[in-house]
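If you want this note's numbering, it's the position in the sequence shown, counting the first as 1, plus 11.
Think of the CB as a built atom: it goes at the ideal place given N, C-alpha and C, for glycine as much as any other residue.
Accompanying notes for the structure given below.
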Amino acid sequence: MTNIKNNHYTPLIPEEAAMALVREWSLRERNGDKNARQWAAQELNTFLVETADGTYTLKSQIKDDSSETMHTTHGALREAREKFAEPSQLRGRKNIAILDICSGLGVNAAAALENLKDPIQGWKMEHLVLDMVEISWETLAATLIIPRISEYHDIIRKAVENYLVEHGLLSFSWEEKEIPPSVDIQVHCKDARKVVAEIPENTEYDAVFLDPFSPARSPELYTNEFLSKLANLLKNDGVILTYTSAAPVRYALLNAGLEIGEGPVLGRSGGTIASPSRDRITKPLKAADERMVALSDAGIPYRDPDLNALTEDILNNRHKERMGVRGESKLASTVKTPVYLVGDVADERQKRRVLKHLQKFNINSLNDSKARFLVCPQFPQCICHCHQERPATSRGRIKEMEKRMEIISHL
Numbered sequence: 012m013t014n015i016k017n018n019h020y021t022p023l024i025p026e027e028a029a030m031a032l033v034r035e036w037s038l039r040e041r042n043g044d045k046n047a048r049q050w051a052a053q054e055l056n057t058f059l060v061e062t063a064d065g066t067y068t069l070k071s072q073i074k075d076d077s078s079e080t081m082h083t084t085h086g087a088l089r090e091a092r093e094k095f096a097e098p099s100q101l102r103g104r105k106n107i108a109i110l111d112i113c114s115g116l117g118v119n120a121a122a123a124l125e126n127l128k129d130p131i132q133g134w135k136m137e138h139l140v141l142d143m144v145e146i147s148w149e150t151l152a153a154t155l156i157i158p159r160i161s162e163y164h165d166i167i168r169k170a171v172e173n174y175l176v177e178h179g180l181l182s183f184s185w186e187e188k189e190i191p192p193s194v195d196i197q198v199h200c201k202d203a204r205k206v207v208a209e210i211p212e213n214t215e216y217d218a219v220f221l222d223p224f225s226p227a228r229s230p231e232l233y234t235n236e237f238l239s240k241l242a243n244l245l246k247n248d249g250v251i252l253t254y255t256s257a258a259p260v261r262y263a264l265l266n267a268g269l270e271i272g273e274g275p276v277l278g279r280s281g282g283t284i285a286s287p288s289r290d291r292i293t294k295p296l297k298a299a300d301e302r303m304v305a306l307s308d309a310g311i312p313y314r315d316p317d318l319n320a321l322t323e324d325i326l327n328n329r330h331k332e333r334m335g336v337r338g339e340s341k342l343a344s345t346v347k348t349p350v351y352l353v354g355d356v357a358d359e360r361q362k363r364r365v366l367k368h369l370q371k372f373n374i375n376s377l378n379d380s381k382a383r384f385l386v387c388p389q390f391p392q393c394i395c396h397c398h399q400e401r402p403a404t405s406r407g408r409i410k411e412m413e414k415r416m417e418i419i420s421h422l
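The following block contains the structure:
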């Protein structure tokens, strides 16, 4: 989670006032105050946001003075269960490895533990490796003073406390919950890009939980290059799970060689699931989403070739690339032009704008031969006389439509 301040890389973290409170607590503990944690927990109440499932989250501090909560208001634990733990489908496996990127308050990690423990038979796996990555030690520390979430979150709290005490950021160990012998939790407090670059090449994960702030806020953790690194760390049937449905993220996952589909819906839209295995994708992307990724400049990914670029540079470079291809090799995303191909637009003003964009590619109507050629891969039967079979996956359809867009743009 990142932000830019005075042209330097700084973490995008919960409200600064809340983080200042955490730093004061740390200082008091290091000076020997055994009541500092209790004091901090009471003071933190001012900054807590209760979500619909009764769990609490914190607001983030954004450079334009707006805010973005660390979890959906539908429920922090509910989101963790429905968008990360359950679709990872890891219960029953013997040896499991999870990479939890932007662990925040540890809710996703707790939901994963909950999902893996059978209510009757208990822990059935032989070994679980859980790598938690969070750039802000203050956010990690806040895990210890937010209201209790569950017995599984208590395990995460213990791992976080161990890390903070070991690194001299706290002085006292109050968490009583023991970490099960079969569970190996490693906490990494640094830029996720550096963590991923340092992971040994033979490491393979069953699941990657990708949970930064939104792509517009933290594009460095959604880039073509970063997601390619994550793809290389997956087992053959491993999955990357993220709450975002953003077109540039989906294109980058696809570009990394993964099959992609829509994740569980919580709120207005589903997230995204990606895997090397077609069998792990149970729900394809919506047809409109496939078109926007394949045919419009919305699908242009974020780029960070050396995995060290500033947020502002990543955003600016993508904007320039989008403007360069718009109307040249990609349809404009501004009026969602691809969505209307082989269809109609009820609003006449909107229709004129759509047709204006299409005319740049010598497409004269929503139903002319070129329009039909572009989106034919989405139809059960050929609609353009190409006589090709419909690709079976969202990845296949997007790749074929992208290839056809390239052909049209060179005519």
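Please report the distance separating the alpha-carbon of residue i from that of residue j.
i: residue 15; j: residue 322; result: Here residue 15 scores only 32 on pLDDT, less than 50, and its place in the model is too uncertain to base an answer on.
i: residue 176; j: residue 386; result: 57 Å
i: residue 250; j: residue 275; result: 14 Å
i: residue 101; j: residue 220; result: 13 Å
i: residue 419; j: residue 372; result: 7 Å
i: residue 27; j: residue 379; result: 55 Å
i: residue 185; j: residue 170; result: 12 Å
i: residue 180; j: residue 110; result: 24 Å
i: residue 333; j: residue 134; result: 49 Å
i: residue 4; j: residue 292; result: Outside the modelled stretch of the chain, which goes from 12 to 422, sits residue 4, for which no answer is possible.
i: residue 259; j: residue 217; result: 24 Å
i: residue 35; j: residue 256; result: 38 Å
i: residue 210; j: residue 248; result: 19 Å
i: residue 129; j: residue 227; result: 38 Å
i: residue 311; j: residue 54; result: 44 Å
i: residue 158; j: residue 229; result: 27 Å
i: residue 88; j: residue 338; result: 43 Å
i: residue 294; j: residue 64; result: 26 Å
i: residue 75; j: residue 224; result: Any reading at residue 75 must be qualified, since the residue scores a pLDDT of 47, below 50, and its modelled position is unreliable; the value itself is stated next. Going by the C-alpha atoms only, they are around 15 Å apart.
i: residue 298; j: residue 412; result: 12 Å
i: residue 148; j: residue 56; result: 19 Å
i: residue 421; j: residue 398; result: 22 Å
i: residue 424; j: residue 202; result: Since the displayed the chain opens at 12 and closes at 422, residue 424 lies outside it and no answer follows.
i: residue 38; j: residue 151; result: 16 Å
i: residue 69; j: residue 327; result: 29 Å
i: residue 90; j: residue 178; result: 31 Å
i: residue 108; j: residue 127; result: 12 Å
i: residue 106; j: residue 124; result: 13 Å
i: residue 336; j: residue 172; result: 49 Å
i: residue 359; j: residue 206; result: 52 Å
i: residue 289; j: residue 404; result: 8 Å
Measure the CB-CB distance between residue i and residue j and report whether it falls below 8 Å.
i: residue 9; j: residue 277; result: Not covered by the structure: residue 9. The range shown for the chain is 12 to 422.
i: residue 304; j: residue 254; result: no
i: residue 325; j: residue 236; result: no
i: residue 193; j: residue 138; result: yes
i: residue 122; j: residue 153; result: no
i: residue 62; j: residue 43; result: no
i: residue 408; j: residue 388; result: yes
i: residue 245; j: residue 212; result: no
i: residue 40; j: residue 47; result: yes
i: residue 377; j: residue 354; result: yes
i: residue 318; j: residue 204; result: yes
i: residue 174; j: residue 234; result: no
i: residue 252; j: residue 282; result: yes
i: residue 45; j: residue 183; result: yes
Just to check my reading of the structure: residue i and residue j have Cβ atoms closer than 8 Å, yes? What is that Cβ distance to the nearest angstrom?
i: residue 270; j: residue 296; result: Between residue 296 and residue 270 the Cβ distance is about 11 Å, and since that is not below 8 Å, they are no contact.
i: residue 383; j: residue 395; result: 4 Å
i: residue 331; j: residue 416; result: That pair is no contact at about 20 Å.
i: residue 222; j: residue 393; result: The Cβ separation is near 41 Å, so there is no contact.
i: residue 168; j: residue 136; result: In fact, because the Cβ distance is near 21 Å, the residues do not count as touching under 8 Å.
i: residue 52; j: residue 32; result: About 10 Å separates the two Cβ atoms, so there is no contact after all.
At the 8 Å Cβ level, is residue i part of the contact set with chain B, yes or no?
i: residue 175; result: Reference to chain B is not applicable here, since this structure consists of a single protein chain.
message: Closer than 8 Å is the cut-off here; do at least three beta carbon pairs connect the stretch 102-118 with the stretch 164-175?
response: Contact between the stretch 102-118 and the stretch 164-175 is present, because at least three Cβ pairs lie under 8 Å.
- prompt: If you pair each beta-carbon of the stretch 139-148 with each one of the stretch 188-203, do three or more pairs fall below 8 Å?
  reply: Taking a contact to require three or more Cβ pairs closer than 8 Å, the stretch 139-148 and the stretch 188-203 qualify as touching.
- prompt: Mind pulling the alpha helix (DSSP H) runs of 4 or more residues that sit fully within the stretch 351-378?
  reply: List check, alpha helix (DSSP H) in window: 359-370.
query: Hey, which unbroken runs of the alpha helix (DSSP H) at 4 residues or more fall wholly within the stretch 172-240?
result: Counting only runs of at least 4 residues, the stretch 172-240 fully encloses the following alpha helix (DSSP H) elements, listed from N- to C-terminal order: 203-209.
task: Determine, using beta-carbon pairs with one atom in the stretch 347-361 and one in the stretch 301-317, whether at least three such pairs fall under 8 Å.
output: Segments in contact, yes.
Entirely enclosed beta strand (DSSP E) segments - the stretch 70-150, minimum 3 residues: The DSSP assignment places 106-112 and 138-144 as complete runs of the beta strand (DSSP E) inside the stretch 70-150, in order along the chain (cut-off: 3 residues).
- request: Go through the stretch 253-285 residue by residue and report every complete run of the beta strand (DSSP E) that reaches 3 residues or more, in order.
  value: Qualifying beta strand (DSSP E) stretches, in chain order: 270-276.
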